[in-house]
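Down below is the structure, laid out as structure tokens.
4 protein chains.
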Amino acid sequence: MAWTMPESERAFHEELDAENINPLWVMHANPPERPKLAPYVWRWERMRELAMHAGDLPSLRGQGFRRALTMRNPGLKNPQAGATKTMSAAVQIVWPGEIAEAHRHTAAAIRFVIEGEGAFTVQGGERFRMEEGDLTLTPSWVWHDHNNPQDKPVIWLDCLDAPMVGYLDAMFQEPYPEDVQPVTKPNGYTNAAIGNGLMRANLKDVVGGTLPITYKWNDAYGALLGYGEEDPHDGVVMEYANPVTGGHSMPTLALKLQRLAPNSHGEAHRHTSSVVYHAAKGEGYSVIDGKRLDWAKGDTFVLPSWAVHEHGTDSSDDAVLFSMSDLPLVEAMGLYREEARPRQEVTGAIG
Amino acid sequence: MAWTMPESERAFHEELDAENINPLWVMHANPPERPKLAPYVWRWERMRELAMHAGDLPSLRGQGFRRALTMRNPGLKNPQAGATKTMSAAVQIVWPGEIAEAHRHTAAAIRFVIEGEGAFTVQGGERFRMEEGDLTLTPSWVWHDHNNPQDKPVIWLDCLDAPMVGYLDAMFQEPYPEDVQPVTKPNGYTNAAIGNGLMRANLKDVVGGTLPITYKWNDAYGALLGYGEEDPHDGVVMEYANPVTGGHSMPTLALKLQRLAPNSHGEAHRHTSSVVYHAAKGEGYSVIDGKRLDWAKGDTFVLPSWAVHEHGTDSSDDAVLFSMSDLPLVEAMGLYREEARPRQEVTGAIG
Amino acid sequence: MAWTMPESERAFHEELDAENINPLWVMHANPPERPKLAPYVWRWERMRELAMHAGDLPSLRGQGFRRALTMRNPGLKNPQAGATKTMSAAVQIVWPGEIAEAHRHTAAAIRFVIEGEGAFTVQGGERFRMEEGDLTLTPSWVWHDHNNPQDKPVIWLDCLDAPMVGYLDAMFQEPYPEDVQPVTKPNGYTNAAIGNGLMRANLKDVVGGTLPITYKWNDAYGALLGYGEEDPHDGVVMEYANPVTGGHSMPTLALKLQRLAPNSHGEAHRHTSSVVYHAAKGEGYSVIDGKRLDWAKGDTFVLPSWAVHEHGTDSSDDAVLFSMSDLPLVEAMGLYREEARPRQEVTGAIG
Amino acid sequence: MAWTMPESERAFHEELDAENINPLWVMHANPPERPKLAPYVWRWERMRELAMHAGDLPSLRGQGFRRALTMRNPGLKNPQAGATKTMSAAVQIVWPGEIAEAHRHTAAAIRFVIEGEGAFTVQGGERFRMEEGDLTLTPSWVWHDHNNPQDKPVIWLDCLDAPMVGYLDAMFQEPYPEDVQPVTKPNGYTNAAIGNGLMRANLKDVVGGTLPITYKWNDAYGALLGYGEEDPHDGVVMEYANPVTGGHSMPTLALKLQRLAPNSHGEAHRHTSSVVYHAAKGEGYSVIDGKRLDWAKGDTFVLPSWAVHEHGTDSSDDAVLFSMSDLPLVEAMGLYREEARPRQEVTGAIG
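Residue numbers (the numbering used here), protein chains in the order written: chain E, 7 to 357; chain A, 7 to 357; chain F, 7 to 357; chain D, 7 to 357.
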């Protein structure tokens, strides 16, 4: 629709503006430019360097703070933006001997360990010890504190649905009365209550359909190797299962792991959900809306909704991407679409 | 947490910023001021005046545009903001003889007639004729065009979940190949297929769990009178039923009607969902976070999430509020909270 | 599989039998004849005569009994059989001035009035007054008593899922401490709480997903006339809607009404659910597994699972069948199948 | 209600009987005695002896039959009865070199290996190899054939929901065109597709919400040991998880494993679901309606719905019961009840 406001109607438009009214036809005829989620990559080498710096900042010592470097999507032109409009992602370092104080919030969180081992999160009175490649879920409103009793730092990817929760103005946060919560359950209790996926105890403590569980790297990566069936777009891809509901990993987030075979290149497609990818193993590349983004272990990057994309690796080793998306929300609203696309011509690079 | 950045760490913070990184501890210690949804009212007298003006704008004649005056929440400081962060609301006028061209979009819409009768929306090949107080649903991705064959304008409240859909970057829009779609079903077909709520045909054309149906004012208001049981906060309140799922009116929107008895005043509460209210009958007032907002038939106003509120009327007649909220989305994310509150002291006014 | 037990193995088979063991191969090779649900009709003229007799039996006076004539399927060869294996059906007469005492049971019941008006069932403290053609639901474990304050008898079809409940050994029954329960709600309360299907109050008293509601004949039959779209097999057919769940009328029973146009004949099909039909208006016929069954208003007949059937009427008036089936249970077990079949040749008659 | 038919009404009752009608008041006043599910035990020692005999019956050689000894509940007084009214249970022997021909049926089946190893069931083109203590699911309508390529017999407990399916007259059975179906998938494919419970591939071949999967004994028993939390009635008890739905193991059957600690005795309760128990490890006893039933590994016994029961063991070793119940059906109908009871006095023995 081509439409231009005649000079004679300007006064009326100013009247509308004064009443906090937008005329719909103007927005339709001249859709405003809006900040747009950018495909973008945060490189591990640099993030690690900055994290190590943050890990020992004098001003933070003994404060109980989370030393988290929160990725800000540059496309959104918003100083408080997350990695995408719906999800935050941070590289968090837990310094040797450090405690990140206990609190809870309505935002749900996940942690994927990038480097180190032996740090643990206490959730619902249970210690979740984590090693490289492990994933731990922190459902909404569960008390949690972090502790690193080892002598080396532990670094993990720390992601939340906080932007969604903030979008709905439903963020609540509460500090625990003490620095740390008491440990009341044996290690591994929650994973045991679901027979690590296979058996089911009577689950009385289910939190909104999500349990605070840990998926070990060996189990998750091993499952990809064991299954082996290739998706045309995503290599061998599996979702971290929600054992309670049979649905997505969390009510707001879909968490997946995908393995690209050595020297493989998937087909292109696009879908209505945005994704935070994190390279968990090896190296490869993604082509996003015609731009090539090379990635290697530890890198984190963002795929906007409906951007055409394909993944591949030129390595003689396999490559594994961990990913988190807002798919459950898109589906709950009945808005999921997916479309296969022809192989893209590469016209530039990202990062 | 009180924390101030020491001068010695400034360089590091600038380094982070250059990498599109926000240090989490800064955001926690010094939470930034963000634009905040404002309680606000658009008065009918003024909206009607502006709508009548918009109805006959020379530049729009014969263009097939929607003459919709979209309410922009002043608190959000965003020139494209909707009435709330999640919902848009507009006063739309359909001029005598006018056709608003057929199209469809992934955003779902609802229409509540404020003035006039005899205009109709064609949806899925069926004419939905509307009169004052009637509500019509337009589910996601259903073709629809509007037509006013009468000699008087028809004005309705036109609301969409478009901001949510845009938030997820999942808005698709498509014009119909012709100005209008053909009418292939008898009037009243869809409402008849559900026995007006009581009986159920084999529903083959269900669109994402929502049917394009009309709720007549007499049925809806009559249902409030027939039921009569008072909620402590909201008078007699009922939701427009989704006959297909037994759940909310639409997957993204909860639509309700509430009747305040003459000279009544409800108790205060707050909840995590934002609401667009529209006064459908009579006059009354709402107290929102301590500020009194007087309203009368035709006015439209906004309640932010978690704002304490109570409704009442000093009139010897009853008053009826139609409302639309983002409750289904809040529930899908497991974020609904509600809390009774003590009666508020009124310390100011809104509007 | 053709298999005959050799004489040499007889002793072994006797050994098995003594241990309460059946050899599977014998049952497979020589499937035993089992009693089989018969298509069968109970004629209204005769049922009415017997009901009137039962209505004034001296031995029952003042006892608070239900004067119900329970139909026993002759095919099942079981003196306690219901109308089908899963459902019971009875013609019940409520004599003028009579009270059928209050009780409750885990079996769910429905009542469809055949003759008379003004009797009422009290359920959950509310009077449900019934007239000819009205349907009332009594969900599992709801207190109910019947009362006929008029001077003419009222006769209704009284059906339960009791055989299913008995099959699972889950029948519980409890007499109310008094003859009748107190009336605590206004007439029409429950139907009002669901806006007669269209609006929804906050339903605190929902009993297992089913409300004790009444569907008036004029509403139900009117819905068929209003909808008008013909199913190839069943004329215009609609299910009595469950407003709470969007699913079947009751968790165990699907209740439908179907209108056969004057001089119409539907196509044949079969499905895995058994049905109790009751002619609610006019006259017609059904062809069941090649046998013709003529029926007229008031008659009740049975269709076995997977029996081929077609319905028609030679009358210049329309005909209406009310029906009840075990479809929800069949679906819950994942066992529903349906198959269109060619028109049957009629080779005999039923009833 | 005490009521006796007066002689004067006898003729009327005979009239009713002739019309296939039961007067409800007679059934209420004089409830007929009905056959009733009996608690009963089939001893392993004897079953094994009979199975070995059946395994080599001359008349069955090369016929492709299933050599299954189907337990018949003596309480039901029905020559075709299953172990309970709703479930069948058999001891099936697969003779060395034998093939039980491929077929499928609408009844769902499960197999729990009692003795031997190396036999396999082919389902949906995949070999499921089974060892002692393993459980394999065969969902409704999945092709399956059994094969024992080892030189020793394999014996398993073979249970179906066939009585339920027969109750609804919804049993369909179909032989495969060949003796065996082709193997098209690698061993372990289906378990791999669900990451053995923890990860989830895109499941395109889900059969009515149930996958043909195997639960290894070591995984299942190990899960009990790993979890360790005691239920007051059932020791450490877990359900074999349905990874697809988060619900019961199968749409019609709940499958559980429970571990009784050495020298333990659980509290008494009763519930509305009937159970087939099979002793998978050790020895113990159950007290059912006051009668003591001692059991040891390999024994199979039956608990009627609503029978009071408690489990224990006097052994210094633990004992494990595998069980199968009709709980999902009871729940689907809204009929589940459970009640704690005082410890029973033992007044007799079963078996």
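Even glycine gets a Cβ: it sits at the ideal position worked out from N, Cα and C. A quick note: this is a predicted structure, and the numbers were derived from the prediction, not measured.
If we define contact as Cβ-Cβ less than 9 Å, is residue i a contact residue for chain A?
| i | result |
| --- | --- |
| F:V213 | no |
| E:Y182 | no |
| F:M205 | yes |
| F:M136 | no |
Less than 9 Å between CB atoms is the rule here; does residue i satisfy it with respect to chain F?
| i | result |
| --- | --- |
| D:V314 | no |
| A:Y246 | yes |
| D:L143 | no |
Considering only DSSP beta bridges, list what residue i is partnered with.
| i | result |
| --- | --- |
| A:H34 | Bridge partners of A:H34: none, in fact. |
My output table needs one value for residue i: the three-state DSSP class, helix, strand or coil.
| i | result |
| --- | --- |
| A:R135 | strand |
| D:V336 | helix |
| A:A274 | strand |
| D:G61 | helix |
| F:T196 | helix |
| A:S94 | strand |
| A:D323 | coil |
| E:A355 | strand |
| D:F18 | helix |
| D:R206 | strand |
| E:R117 | strand |
| F:W50 | helix |
| E:P249 | coil |
| D:N28 | strand |
| D:W223 | helix |
| F:E184 | coil |
| E:M256 | coil |
| A:T201 | According to the sequence as given, residue 201 of chain A is Gly; it is not Thr. Helix, per DSSP. |
Give the C-beta separation of residue i and residue j to the nearest angstrom, bearing in mind that I take them to be a contact with Cβ-Cβ under 8 Å.
| i | j | result |
| --- | --- | --- |
| F:L266 | F:G241 | 4 Å |
| A:E1 | A:G122 | Chain A is shown only over 7 to 357; residue 1 of chain A falls outside these bounds and no answer can be derived. |
| D:A160 | D:A125 | According to the sequence displayed, residue 160 of chain D carries Val and not Ala. Right, their Cβ atoms sit about 4 Å apart. |
Should residue i be listed as close to the ligand ATP, given that the test is whether its C-beta is under 8 Å from any heavy atom?
| i | result |
| --- | --- |
| A:P37 | What this structure holds is no ligand at all, so the ligand ATP is not there to describe. |
Indicate whether at least one CB of chain E lies closer than 9 Å to the CB of residue i.
| i | result |
| --- | --- |
| D:L263 | yes |
| A:K91 | yes |
| A:L217 | no |
| A:T76 | yes |
| D:Y291 | no |
Using CA coordinates, which residue listed in the options is at the minimum distance from residue i?
| i | options | result |
| --- | --- | --- |
| A:D175 | E:A87, E:K91 and E:G290 | E:K91 |
| E:A346 | E:E39, E:T278, E:H254 and E:V352 | E:T278 |
| A:E273 | A:D185, A:A17 and A:Q350 | A:Q350 |
| E:D23 | A:M53, A:E15, A:T10 and A:A35 | A:M53 |
| D:K210 | D:Y182, D:P192, D:V250 and D:M11 | D:V250 |
| F:A96 | F:A355, F:F18 and F:D167 | F:D167 |
| E:Y342 | E:G228, E:R67, E:A125 and E:R276 | E:R276 |
| D:W162 | D:M58, D:F18, D:P37 and D:Q69 | D:M58 |
| A:G130 | A:H152, A:T190, A:T112 and A:P80 | A:T190 |
| F:G290 | F:P155, F:P268 and F:A199 | F:P268 |
Is any beta-carbon of chain D found at less than 9 Å from that of residue i?
| i | result |
| --- | --- |
| E:P249 | yes |
| E:V243 | yes |
| E:N202 | yes |
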